[in-house]
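Protein chains in written order, with my numbering: chain G, -10 to 199; chain P, -10 to 199. Yeah, the Cβ is synthetic: ideal placement off N, Cα and C, and Gly gets one too. Comments concern the structure below.
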DNA sequence: TTCTAAAATTGAGTCAATTCCGTTTTTGTG
DNA sequence: CACAAAAACGGAATTGACTCAATTTTAGAA
């Protein structure tokens, strides 16, 4: 009957607690020693559970990272809501502000190395729990960009005859690909990434602004 | 003195032969049993070399796949040259033709599963031989799209004041991201992928056509 | 042809993720 | 409280990528 979060009962509470301990231990170790460097055995010891138990909670090492990525991206989505609700009064700035929030918030908890692993796993195992969650997060971001565009169309800053769906995909796909290249190069700087994306979007802005 | 392909000498010939045998064995096994399913030991047996020898030729399992991917993408680049040299007389068709060639030629030797693995490895290990080669291939494709745009500008089909570099990146990044999503879903069809990309590019075409 | 150094091969050994299944804990019922 | 079924735990065993030191093969000089 109760599918979610019936926290009465010892079992459920212990379960939630173990989940939390595993995630915390893993997050700390991923940060400190890198994804590959963090051994499951070490995570288990740190979380005070056995190796077997970890695999009872997560299908594989990647799913542990996945849980952390989900938290991060959900915060990013949350931060983005403000921009969509109240966008800057100019198309270029509106896009730059929203994408800027995505980018700036993305390295709060996750290192570039963790992002690389997360992206790799999501393409490697698209049907694992994490793979599906990652795809859903991408879609949510695309949808938020589409929502911003719809908003700008409603305000009258973007031409009404523009295909908002296709435009949203274009903007997201480009940003995402640029972000992938960004995390692949440890030396790459956020400011350069944002500048490059602004330059690319300038073409679009010129095409769609009223 | 001779850096490349001095095929005289027993050693050099054996080397080339072993390279070929390893690649052929691996390609067949990746296709038949999938990347994960293909054990190094099996590849070694099939190629009639030892496990150690494989690691003498390739740094890791991913690099073997990398060698196959390189061959495939180089064929794609080659096929693309014809379009750049002689593009259709209309911006939309020109882009569609070039990207169409990329997409249609990409599943000749590689299965979707092999692509997924290749993409995953290239983000996971961006500094491995394969990781760097993959990035170079991406850049070569971007450059070819940019060359097509420059050609269209020269012909007078695309406005001269368009930032060709940024536009090339935009078009490539969008296609690449769409291709990634395409290989992540086994059911996705090439025709749908091309249609989706055409729809997205329509926005750009409207903006840049003279 | 013979010999030596350099290059290449080999496969047993290491390491870490994942699986498996016997044991322990929790729950609900009488 | 006692008990049986269900759920969760633990950690040893398995598996497969990758390493490394010993051995074999090749190249080139004498």
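Among the options, nearest to residue i - alpha-carbon criterion
i	options	result
residue 35 of chain P	P/149, P/79 and P/16	P/16
residue 141 of chain P	P/72, P/94 and P/124	P/72
residue 96 of chain G	G/120, G/20 and G/143	G/20
residue 60 of chain P	P/40, P/39 and P/123	P/123
residue 176 of chain G	G/101, G/94 and G/90	G/101
residue 181 of chain P	P/192, P/164, P/197 and P/195	P/164
residue 40 of chain P	P/188, P/30 and P/196	P/30
residue 88 of chain G	G/155, G/183 and G/189	G/183
residue 112 of chain G	P/108, P/114 and P/115	P/108
residue 162 of chain G	G/127, G/171, G/1 and G/93	G/127
residue 46 of chain P	P/119, P/1 and P/8	P/8
residue 197 of chain P	P/115, P/121, P/99 and P/152	P/152
residue 121 of chain G	G/55, G/26 and G/5	G/55
residue 169 of chain G	G/103, G/68 and G/28	G/103
residue 74 of chain P	P/157, P/138, P/50 and P/188	P/138
residue 158 of chain G	G/147, G/145, G/114 and G/130	G/130
residue 68 of chain G	G/25, G/93 and G/148	G/93
residue 189 of chain G	G/173, G/160 and G/25	G/160
residue 146 of chain P	P/80, P/10 and P/64	P/80
residue 150 of chain P	P/199, P/43, P/84 and P/28	P/199
residue 136 of chain P	P/37, P/6 and P/66	P/66
residue 4 of chain P	P/25, P/23, P/37 and P/24	P/37
residue 143 of chain P	P/105, P/106, P/78 and P/155	P/78
residue 58 of chain P	P/44, P/76 and P/110	P/110
residue 166 of chain G	G/98, G/14 and G/185	G/185
residue 193 of chain P	P/32, P/148 and P/178	P/148
Start-to-end residues for the alpha helix (DSSP H) that takes in residue i
i	result
residue 118 of chain G	118 to 144
residue 198 of chain P	Note, residue 198 of chain P: premise wrong, no alpha helix (DSSP H); not H, not E.
residue 200 of chain P	With chain P covering -10 to 199 only, the question about residue 200 of chain P has no answer from this structure.
residue 151 of chain G	Where residue 151 of chain G is concerned, there is no enclosing alpha helix (DSSP H), given that its DSSP letter is neither H nor E.
residue 106 of chain G	101 to 113
residue 51 of chain G	50 to 74
residue 30 of chain G	29 to 36
residue 44 of chain P	40 to 46
Interface partners of residue i on chain P, CB under 7 Å
i	result
residue 76 of chain G	Those do not exist, as residue 76 of chain G stays about 19 Å from chain P at its closest Cβ, beyond 7 Å.
Per-residue contacts from residue i into chain G (C-beta, under 7 Å)
i	result
residue 112 of chain P	105, 108, 109, 169 and 173
residue 189 of chain P	155, 158 and 159
residue 165 of chain P	166
residue 162 of chain P	162, 163, 166 and 167
8 Å Cβ cut-off: residues of chain G touching residue i
i	result
residue 151 of chain P	192
Listed by chain order, chain G residues near residue i by CB distance under 9 Å
i	result
residue 200 of chain P	For chain P, the structure presents residues -10 to 199; residue 200 of chain P sits outside this window and is missing.
Listed by chain order, chain P residues near residue i by CB distance under 8 Å
i	result
residue 195 of chain G	196
Beta-carbon neighbours of residue i, restricted to chain P and to distances below 9 Å
i	result
residue 118 of chain G	Ordered by position in chain P, no residue passes the 9 Å Cβ test against residue 118 of chain G, which lies about 15 Å from the chain.
beta-carbon residue i near the ligand COA non-hydrogen atom, thresh 6 Å
i	result
residue 199 of chain G	Ligands are entirely absent from the displayed structure, and the ligand COA is therefore not among its contents.
Any beta strand (DSSP E) of 3 or more consecutive residues that is wholly inside the segment 157 to 193 of chain P:
none
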